[in-house]
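Order-wise, the sequence lines are chains A and W.
Mapping of the first sequence onto the working numbering: position 346 corresponds to residue 364, and the numbering continues sequentially without gaps.
Mapping of the second sequence onto the working numbering: position 162 corresponds to residue 169, and the numbering continues sequentially without gaps.
Ideal placement from N, C-alpha and C gives every residue a C-beta, glycine not left out.
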Amino acid sequence: MSTIELKSVTKRFGTVTAVEGASFTATEGEFVSILGPSGCGKSTLLRLIAGFESPSDGEILIGGNAVSHLPPWKRNIGVVFQSYALFPYLTVDANIAFGLERRNVDKAEIEQRTNEVLKVVGLDGFGKRFPRQLSGGQAQRVALARAIVYEPEILLLDEPLSALDARLRDEMRFELQRIQNETGVTTLFVTHDQSEALAISDSIIVMNKASICQVGNPESIWGAPETHFVADFVGVENIFDATAILGQGEKKLSGQIAEKLQGNSSTGDQTIGIRGRDIRVSSKPLENHLMVSGTVRGMNYLGHERVYEIDTSISPKPITLVAEAGQMLDGKVDLALSHDKFLWLRED
Amino acid sequence: MAKQRNSDMAAWILSAPVITLLVILAILPSIQLLITGFQRADIAGPTLNNFEQLVDSKFAVQAFWRTLRVSVLTTVITVLGAYPMLYCLRRAGPRISALLLAITIFPIMVSTVVRAFGWNVILGPSGVINKSLSSLGLIDAPLKLIFNEFAIVVGETHLLFPYMVLALVAVMQKVDPALEEASLSLGANPLVTFMKVTLPSSYPGLLSGTLLVFSLAMTAFATPLLLGGARAPLLTTLLYSYAYTLYDWNRAAAVALILVAMAMAFYFLQRFISNIQMRSYGK
């Protein structure tokens with residue numbers, strides 16, 4: 019149960035920079051997700067912390083100790099791989115015992131702890147099986163058991179759920195959360211799935227193009243994305259150039275927003291995002307709302323809601339509006355965009 | 008039903024050339040060999056006389072044991088050499104390991120005869136080794152390094168080492184690299200990881216590699232002929248002298264059948280071991 023601290027860690031492969039000046043701290047027992055699209059450097063970051071790669075620059079501390087030049091086998095970490103990486107020629111018991119044997123734990127204790135951890139992951143009685151005889155979810159649990167049985171200081175998970183089907187993934191998410199709570203191990207979880215990250219993390223690190231864009235708890239990542247990329251990644255449907263609103267000379271802008279637009283022209287927060295479900299339809303002008311008229315272009319019925327695409331004058335792309343399933347729209351509509359729901363975004 | 012028969016027919020017609028070729032080139036000669044091996048001109052009907060004569064000949068029995076010794080030794084040495092090579096290939100970067108592999112495979116591209124002569128130059132009485140040792144004053148008379156079992160083993164090891172490496176590399180390329188990383192993350196240092204993870208993962212390659220090297224070592228002809236000579240015959244060179252020096256085709260066929268039996272015995276032993284191995288994978 020240790021902290022993880024990165025101080026401007028950079029990793030270059032030849033001319034390619036995979037991680038650029040990454041800094042963050044994970045406190046004891048925290049569940050931290052590293053979220054980003056494929057190729058953003060999140061897996062490299064995990065491999066740096068595991069010790070499979072060594073940083074070109076910067077410092078990595080586990081429990082306050084610099085480990086940058088320590089090989090993985092001296093770091094006391096647990097790693098769960100995307101492919102599980104169970105040893106195919108060893109039984110489940112022997113797979114789990116592998117880490118304990120390396121720590122010279124005596125036989126009786128190995129047996130006892132192996133049985134205990136199998137109970138924790140819900141695979142009591144599976145010890146004599148071989149990896150080939152396990153389902154994906156079971157193999158996943160064994161991989162997790164193998165990584166936590168020797169009580170590592172930190173646990174690193176590299177997209178562990180991506181190989182599972184959707185239902186199993188939901189189930190394993192809760193399992194992961196429960197096991198992490200029970201063991202209290204500081205956990206770093208790499209994923210490209212924002213809903214996965216939001217669901218189980220105490221804290222989320224969003225990465226793009228080798229750099230960290232935003233760090234925060236799930237609520238702030240979801241509710242207050244700071245950059246264009248983060249907003250896009252957490253599913254903010256409508257992102258447009260704020261100056262388009264000014265240029266259009268909308269009279270319905272309140273003083274506060276107009277001020278903010280002007281003030282931001284120097285800081286670079288020129289982009290506004292708003293979620294489709296925060297846009298309302300209103301025939302009469304509302305206080306503190308940007309009123310925009312548009313034409314319905316298309317509709318998708320998703321069961322619990324309807325998603326409309328509406329052409330407007332404020333953005334070249336149609337605006338997405340998420341309405342209740344019962345709400346039917348057609349032809350010309352008047353939209354009300356609440357000023358409070360505007361997300362002011364930085365371009366990265 | 009008619010359609011089924013038609014497609015069966017088509018399959019037979021399409022594979023007819025291959026089947027014909029196999030029958031002419033492999034099956035008929037094998038039957039011929041089997042018949043010849045159990046025949047003698049002066050005895051009517053099938054006989055074990057050829058084999059009895061071989062067992063009675065001290066020379067032939069020596070050649071049998073020598074063949075077995077040379078093949079086993081060559082296999083063991085290539086295995087012992089291939090693993091450190093594999094370790095280097097796994098640890099080195101992609102460019103270095105490609106170069107290492109190219110250097111390893113290169114000897115395959117040189118004719119076996121040329122290679123045997125190369126060893127002649129190195130091991131011969133006035134070869135590189137003897138010359139250097141005598142000029143250093145370490146030996147008075149040249150060491151007998153050639154035309155014996157030692158030279159055959161050296162030559163065959165050189166000949167067959169690449170096959171063993173390739174068999175192991177081919178299997179290891181299919182092994183998830185995360186297995187070794189998992190082992191490192193669990194606290195095993197690179198040596199322990201090699202012993203506990205890389206080695207067991209390589210067993211299928213080891214099995215096919217030993218089968219390949221053993222059977223090639225046993226049936227090698229040019230290398231034992233040029234490096235072993237008449238003083239250290241193997242079954243293959245013995246077979247050659249029966250067939251072309253003594254023109255005793257029946258006894259030559261008997262030697263060939265013994266070679267086939269040895270290869271098959273080794274094959275079944277290998278299958279047996281690999282079945283045990285597969286069972287432990289939970290298959």
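Quiz item: Quick one, which of A:Gln100, A:Ser300, A:Met190, A:Ala260 has its alpha-carbon nearest Ala181 (chain A)'s?
Solution: A:Gln100
Self-check item: One or two residues paired with Thr27 (chain W) in a DSSP bridge
Solution: In the DSSP output, where bridge partners are listed per residue, Thr27 (chain W) has none listed.
Exercise. Could you check if Glu177 (chain A) is buried or exposed, using at least 16 other CB atoms within 10 Å of its CB as the buried criterion?
Key: buried
Quiz item: Should Ser101 (chain A) be flagged as near chain W, meaning a C-beta pair shorter than 8 Å?
Solution: yes
Practice problem: Give a yes or no on whether the C-beta atoms belonging to Ala242 (chain A) and Leu361 (chain A) are separated by under 8 Å. | Solution: yes
Quiz item: At what residue ranges does the stretch 216–256 of chain W contain a whole run of the alpha helix (DSSP H), taking only runs of 4 or more?
Solution: 229–235, 242–251
Self-check item: Beta-carbon neighbours of Asp183 (chain W), restricted to chain A and to distances below 7 Å
Solution: Ser101, Ala103
Quiz item: Which residues mark the beginning and the end of the alpha helix (DSSP H) in which Val161 (chain W) is found?
Solution: 156–179
Practice problem: Flag Leu93 (chain W) as yes if its beta-carbon sits less than 8 Å from any beta-carbon of chain A, otherwise no. | Solution: no
Quiz item: Would you call the CB atoms of Val228 (chain A) and Val37 (chain A) closer than 8 Å?
Solution: The displayed chain sequence assigns Ala, not Val, to residue 228 (chain A). The answer is yes: Cβ separation under 8 Å.
Quiz item: Looking at the structure shown, is Met309 (chain A) part of a helix, part of a strand, or coil, going by DSSP?
Solution: strand
Quiz item: Rounded to a whole number of angstroms, what is the C-alpha to C-alpha distance between Glu188 (chain W) and Phe70 (chain A)?
Solution: 7 Å
Quiz item: Mapping DSSP to helix, strand and coil, what is Lys290 (chain W)?
Solution: Legend: pLDDT at Lys290 (chain W) = 48, less than 50; position of this residue unreliable, no value from coordinates given.
Quiz item: Is the CB of Gly267 (chain A) under 8 Å away from at least one CB in chain W?
Solution: The predicted model places Gly267 (chain A) with a pLDDT of 45, which falls under 50 and marks its position as unreliable; any figure quoted below should be read in that light. Chain W, which has no Cβ nearer than 8 Å to the Cβ of Gly267 (chain A), makes this no.
Quiz prompt | Rounded separation between Arg122 (chain W) and Leu24 (chain A) - CA only | solution = 57 Å
Quiz item: Around the C-beta of Thr45 (chain A), are 16 or more other C-beta atoms found within 10 angstroms, so that it is buried, or is it exposed?
Solution: exposed
Quiz prompt | Partners in chain A for Val204 (chain W), counting only beta-carbon separations shorter than 7 Å | solution = Phe105
Self-check item: 8 Å Cβ cutoff met for Ala343 (chain A) and Arg315 (chain A)
Solution: no
Practice problem: Say whether chain W places a C-beta atom closer than 8 Å to the C-beta of Ile95 (chain A). | Solution: yes
Quiz prompt | Beta-carbon neighbours of Ala68 (chain A), restricted to chain W and to distances below 7 Å | solution = Ser192
Quiz prompt | Anticipated Cβ contact below 8 Å, Ile239 (chain A) with Val248 (chain A), distance rounded | solution = 7 Å
Quiz prompt | Proximity test, Cβ basis, 8 Å: Asn282 (chain W) and chain A | solution = no
Quiz prompt | Candidates A:Gly47, A:Phe31, A:Glu77, A:Gly32: closest to Ala40 (chain A) by CA position | solution = A:Glu77
Self-check item: Beta-carbon spacing of Thr119 (chain W), Ala224 (chain W) below 8 Å
Solution: no
Quiz item: Can you tell me the Cα-Cα spacing of Phe105 (chain A) and Ile159 (chain W), whole angstroms?
Solution: 40 Å
Exercise. Could you spell out where the alpha helix (DSSP H) holding Asn133 (chain A) opens and where it closes?
Key: 125–138
Practice problem: Could you list which residues in chain W have their beta carbon closer than 7 Å to that of Trp91 (chain A), in chain order? | Solution: Leu191, Gly194, Ala195, Asn196
Quiz prompt | Contact with chain W by Arg131 (chain A), beta-carbon distance below 8 Å | solution = no
Quiz item: For the 8 Å Cβ check, are there 3 or more pairs between the stretch 91–98 of chain W and the stretch 164–178 of chain W?
Solution: yes
Quiz prompt | Within chain A, partners of Leu186 (chain W) - CB distance below 7 Å | solution = Ala103, Phe105
Quiz item: Which chain W residues sit within Cβ distance under 9 Å of Gly367 (chain A)?
Solution: Absent from the model: residue 367 (chain A). The displayed extent of chain A is 19 to 366, so no value can be given.
Exercise. For the beta strand (DSSP E) holding Lys29 (chain A), just list the boundary residues, first then last.
Key: 22–31
Quiz item: If you draw a straight line from the alpha carbon of Val27 (chain A) to that of Asn306 (chain A), how long is it in whole angstroms?
Solution: 44 Å
Quiz prompt | Neighbour-count burial assignment, His246 (chain A), 16 or more Cβ in a 10 Å radius | solution = buried
Practice problem: Only counting runs of 4 or more residues, tell me where the alpha helix (DSSP H) segments fall wholly within the stretch 181–243 of chain A, in order along the chain. | Solution: 184–201, 212–218, 236–241
Exercise. Could you please give the first and the last residue of the uninterrupted beta strand (DSSP E) stretch that includes Leu108 (chain A)?
Key: Segment: none, Leu108 (chain A) is in no beta strand (DSSP E) and carries neither H nor E.
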